[in-house]
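Okay, so here's the structure we're looking at.
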Amino acid sequence: MFRPVANDVRFPELEKETLAFWKENAIYQRSLAQRRESPKFVFFEGPPTANGLPHPGHCLTRAMKDLFPRYKTMRGYYCERKAGWDTHGLPVEVEVCKELGIHSKEEIESYGVEPFIQQCQKSVWRYMKEWEQLTERLGFWVDLEEAYVTYHKSYVESVWWSLKTFFDRGLLYKGHKIVWWWPQGGTALSSGEVGQGYRNVADPSIYVKFPLLDEQNRPTNTSLLVWTTTPWTMPSNQFAAVSASFYYVKVYDEENDEYFIVAKALLETIAAKVKRELKVVEEFQGKELLGKCYQPPFDYYYSEKGGKEGLLKSGEKQVANWRILSADYITTDSGTGIVHIAPAFGEVDYELFVSEQALYQEGGPDLICAVGPDGRFNEQVSEWEGRFVKEADKDLTRALRERGVLFHNEQYLHDYPFCWRAQDDPLIQYPRESWFVKTTDFKEELLANNDKINWLPDHIKEGRFGNFLKSNIDWALSRERYWGTPLPIWVCQESGQMEAIASYQELLDKPGRTGTEVWEKAKAENPELPDDLMVHKPYIDEVTYDSPFVPGGRMKRVSEVIDCWYDSGAMPFAQWGYPHVGKEELLSQFPADFISEALDQTRGWFYSLLAISTLLFSKESRKGSEEEAVKDVVNAQLAEVLEKLDYPHPYKNCIVLGLMLAEWWESPDGQERFLVEEEARQKYGKKTQHKVGKMSKSLRNYRSPEEIFESYGADALRWYFMANQAPWNSILYSERAIKESIPEFILRLWNVYGFFVIYANIDQFSPESELLQDVGQLDPSVLQEAATYRPISERGELDRWILSELQRTVEIVVERMDAYDNYGAATQLTDFVDGLSNWYVRRSRDRFWQEDRESPDKRDAYWTLYECLVTVSKLVAPFTPFLAETIWQNLTSCFNREQAVTSIHLCDYPIANKEIVDVELSQQMKLMREITSLGRSARMNAKLKVRQPLAKVEVVLADPCWQDWLESHNALVMEELNVKEVEYSTEADRYISYLIQPNFKRLGPRVGKLMPKVKELLGKAEGGELLKELNTNGKITLSLEGQDFDFDADDIQVRLQAKEGWAAAQGNACVVILSTELTPELKREGYMRDLVRLIQDRRKELGCDFTDRIEIGAKTEDAELKIAIEENRQYIQKETLADDIHFESLGDCPSTEHQLAETALHLYVRNLTATTEVS
RNA sequence: GGGUGUAUAGCUCAGUUGGUUAGAGCGCGUCCCUGAUAAGGACGAGGUCCCUAGUUCGAGUCUAGGUACACCCA
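Residue numbering for the first sequence follows numbering that gives the first Met the number 0, beginning at 0 and increasing consecutively.
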């Protein structure tokens, strides 16, 4: 016996039971254990930031991350799934600041770095718990207990080791980075913060002359005209830039008898601004200006450095500053086409500067920065020393005018960022010292490694990611913050020389080491403190030791922490604590076969993984390190690892998920928001606005995953994600759509399963009585052993059909899943379940209802359906693990516990048995389903309901090859369409006309340009005649432009068209014509069927049980109807369990009135079984 | 401003190497079934495949240009 299946299934409840079952029986652990010796499938968990609650987008990522490891595990691989948490970074600090009600770095300092760090650690730990709950509820199987955590000591030390490696190889260096700087607060702002603070303001817009120099370095009367909206950056001017390819003009300005150079495209605009004529005297491309020198408007630096030359790497000499450079980002949208370059105050300016600097061997340009971190001019700018730069704009403009180099000034409206905390404080771009990883040295390797990655979708490789790699710049690694992996570099306080440290132990072993007692004391005071904090600020900053560089010098750590993206990108080795421990683990778990994250990770995790692995593990990186490799144990280990890893890119397959969008409804004025459409419609009707947009915490435009789990279950959500679109498309988080995945798939499968259980129990279909041995996974080879399990070839057609469909489905699903195409696989599963439910079960019902329990046909039906359910459950197990488990548990509930595999997730994924696939049968069945579908269509058009029997249906086939087969299924078609006779014909000129069309694909290459004429000729000819010709001669001969063409049967396609005036419907392969003539006999049969239906309805209204007997009174004046009833009395009584039918009222029994046979019918139905009547 | 992607039914999306009647689900409408029953099913209406030009015998599909939207970067 199987456990009865409740009608009112509640999936969320079932899922909770399943979760308990998995936990109790350690199914996940067992699924791993039984594959321990199998080939590996390596999965990397991209660590979510344990900061804030998980939202629906995270559910998608986690569902996808679960799907493929589950699938691969069932396919026989060993797939470890180590969870991971990204715990460092600014977002965590911000979160803690919010709780503490503080904002700035000063406030953090005065609160105390020590308690602040402790708060950060507590905060992420709290959120990790929330994430663990969601992970579990979603059914994401991942090893939470063994999770790697980026703040853990072993993780931090592993990261340190990699940084030390880079430092020793000269790949970690100190430079400048231009950041958005808040001068008053003395801190840099993240791009997110900057984005919040943009305001539209008016700034000065000035056009300044830069006189070109002659051979003797004297200014000429020809000037470059440059434009800027930040006059305060003028004292720090270092270059002017033009576009090499643009055209520029030299113009004569009569007013002051001087010449200017501007972009040709902007001349008119500029002339209009000053309202005077600027006469073109020369035109040339920008490249002709390159290398020329000019005099900057201020001489604070020029007096000292002007004209100084540096030595280029090429051996030549070149003036280092105030020279014209080429830049490709110049536009002619505004300005003059010549750009003022102040590298200290603009990111692109700085990049230009760096690439310029790189050309020199010595004496190259140094960064000119006339402004202090407080936003005030420094002592170099003697006139305005101490003035805040933004307030000095007016004075600077006046000074430029006085110096005679101001051409024009005006106001300019644009968006400029202000501090989001102090709204009157403008931000400025400002250079800060920063540490960089020299990724640019590995650009070619990064690109080569990228080339080996299988990206889904593939355009990421060349597109978003490839382009990003091509324009690679060095990784700005350091952050002037608190909660992060400390940069493991110690500086000699005397000489400034530096060294990197790879572990805490290494520090402890340093001579003259002090400062560890600060941590020890804190720990003694508060034993609860996790030891991981000892490698964090502020404790680590206290550890100093004797300088190996200068006697008496002390080594002290730099103050920075690192970018948390580096943390996550280091996970392939840091999750194992490599190289301090975990060498074996790294070797067996690198690279990943599969990773998946959302699109926003392109420049995040996808990049940091690739960059770190490439720099650390690639062949080229070994050259430098090999000589030094054996210097210490750690590097010796690395050498060994490098030897074995010939695969420096860290992941082979990567599914890039689309972004998740929210859906909501708004009142017409947008003031009121609804998450449920019905609520909005109730209030605002058709004026309700449907909105789709980004998910937003503050708008609250989505419901929490927990609510979805509670209402519909995790399977519904998972199936919606996996089966509704390719995963890289943006996905709408639509509650309605999630809900609908239940009836569309989950409930449909459930109903088939429920149907099976009901009848299997009624008929005592009991596999356990026939299969006494170990049934394991209930594979076909096991089922075969049952006495009543007949070979498939001996079973009925319907069974062979669905089993063939099943094997075809297995084949396609496996093929799709191996290609990481979950959508394609899910589509196939949906189709199969639909066929199973709507054709197999529907057409097999009477087989399950027949009385003889032991009939072979009935046993076949059970075995077939059982096998389908077992197999399809396995197929869907990675997608909807809860549903699959529940079904499996009950399908095996008849066996003893030890007899069958405990959980479906311990089973192997099905493998297609292609021998069972019967392609012809599949096509035949498809054709028959089309015929019945067309028949219904024709009925609908003729307004003849299915209950009305018809005399005949005629089917005209375009291709008669399966006519015999179809004729052997007349009974089925008759039943489906409720007709008395089915007739097939290939020639039915009366009803249809034949349209002969060329087979374009075949004939295209042969007839080429004549195709339209061929089509016309074939179309014009009488189709029937052509077909006859084809049938008798085997070919059709057409004469075209003096040439004869022979067409055989494959060269043409026959299209059937129903002629007017028939109840017909045409499909691709056939036309179905209904005989619409209704004889009195047929009409009476129709009446009878209608009457039965009315009585059944009434039974239901009266609350009759299925077994209740009734008595019927049918009062009518219609003679035909009476005859109909008399003729079919027995049938009606049998169908409706009526003891008797009268043609009069039944005493005090209430009646209902109906229209039947175009007259009124009063129907009396009395329940003879029930003691009390319900009306 | 640059890069990438998207644009197909009211909505959400499929659409193979170009092949002549462009599909699905939902929603809507009409109806069927009533022993899977608080389910199930059928049928139908609904399309300028974003626009323009080109290549081709033939374009939703290929090319070029444009428009709109989204994301990333500036």
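Ideal placement from N, C-alpha and C gives every residue a C-beta, glycine not left out.
Exposed or buried, what is residue i when buried is set at 16 or more other beta-carbons lying within 10 Å of its beta-carbon?
| i | result |
| --- | --- |
| V178 | buried |
| M939 | exposed |
| Q294 | buried |
| A818 | exposed |
| V629 | Model confidence at V629 stands at a pLDDT of 41, short of 50, so the residue's coordinates are unreliable; what they give is reported in the following sentence. Counting Cβ neighbours within 10 Å, V629 comes out exposed, since fewer than 16 surround it. |
| V580 | exposed |
| E626 | Here E626 scores only 49 on pLDDT, less than 50, and its place in the model should not be relied on; the value that follows carries that caveat. E626 should be labelled exposed. |
| F878 | buried |
| V1173 | Unreliable placement is indicated for V1173, whose pLDDT of 44 sits below 50; no coordinate value is reported for it. |
| S502 | buried |
| A357 | exposed |
| R2 | exposed |
| N1032 | exposed |
| I1184 | Because the chain is modelled from 0 through 1174, residue 1184 falls outside the range shown and cannot be assessed. |
| D298 | exposed |
| V675 | exposed |
| I761 | exposed |
| T1171 | Bear in mind that a pLDDT of 48 at T1171, under 50, signals an unreliable position, so the number given afterwards is only what the model happens to contain. T1171 comes out exposed. |
Sort out for me which residues DSSP pairs residue i with in a bridge.
| i | result |
| --- | --- |
| T513 | T543 |
| L170 | Paired residues: none, contrary to the question. |
| L324 | A240 |
| C491 | M554 |
| V955 | S984 and V1070 |
| A1159 | Q1154 |
| T1036 | D1045 |
| A1057 | I991 |
| V318 | E308 |
| R431 | K176 |
| I741 | Paired residues: none, contrary to the question. |
| P997 | I1051 |
| F589 | DSSP, once it has assigned bridges, lists no residue as partnering F589. |
| T221 | Y258 |
| H339 | A239 |
From what residue to what residue does the alpha helix (DSSP H) around residue i run?
| i | result |
| --- | --- |
| M554 | Note, M554: premise wrong, no alpha helix (DSSP H); beta strand (DSSP E) at R553 to R556. |
| M1087 | P1079 to E1100 |
| G753 | L746 to I761 |
| A19 | F10 to N24 |
| P766 | P766 to E769 |
| T268 | L266 to V273 |
| M533 | Premise fails: M533 is in no alpha helix (DSSP H) and is neither H nor E. |
Under 8 Å by Cβ, that's how I've got residue i and residue j pegged, so tell me the actual separation to the nearest angstrom.
| i | j | result |
| --- | --- | --- |
| I730 | M816 | With a Cβ gap of about 19 Å, I730 and M816 do not count as contacting. |
| D142 | R80 | 6 Å |
| V8 | W718 | At roughly 15 Å, the Cβ-Cβ gap does not stay under 8 Å, so V8 and W718 are not in contact. |
| A343 | I367 | 6 Å |
Grab the span of the beta strand (DSSP E) containing residue i for me, first residue to last.
| i | result |
| --- | --- |
| L399 | Counting along the chain, L399 falls outside any beta strand (DSSP E), though it belongs to the alpha helix (DSSP H) covering D392 to E401. |
| Y732 | I730 to Y732 |
| I459 | Where I459 is concerned, there is no enclosing beta strand (DSSP E), although the alpha helix (DSSP H) it sits in stretches over H458 to E461. |
| S257 | A quick correction: the sequence has Glu, not Ser, at residue 257. Segment E257 to A262, the beta strand (DSSP E) holding E257. |
| G83 | K81 to W84 |
| F1178 | The chain is shown from 0 up to 1174; residue 1178 falls before or after that span and cannot be answered. |
Next on the checklist: For a minimum of 4 consecutive residues, which ranges assigned as the alpha helix (DSSP H) are wholly contained in the region 875 to 934?
Outcome noted: The region 875 to 934 contains these whole alpha helix (DSSP H) runs: 880 to 890.
Next on the checklist: At 4 residues or longer, what runs of the alpha helix (DSSP H) sit wholly inside the region 766 to 800?
Outcome noted: DSSP runs (the alpha helix (DSSP H)) wholly in the region 766 to 800: 766 to 769 and 779 to 782.
Checklist entry - Which ranges does the alpha helix (DSSP H) cover as unbroken runs of at least 4 residues, wholly within the region 813 to 871, from first to last along the chain? => result Annotation note: the region 813 to 871 contains the following uninterrupted alpha helix (DSSP H) runs of length 4 or greater, listed N- to C-terminal: 821 to 834 and 841 to 848.
Next on the checklist: Which runs of the beta strand (DSSP E) at least 3 residues long sit entirely within the region 1097 to 1148? Give them in chain order.
Outcome noted: For the region 1097 to 1148, whole beta strand (DSSP E) runs of length 3 or above, ordered along the chain, are 1109 to 1115 and 1137 to 1141.
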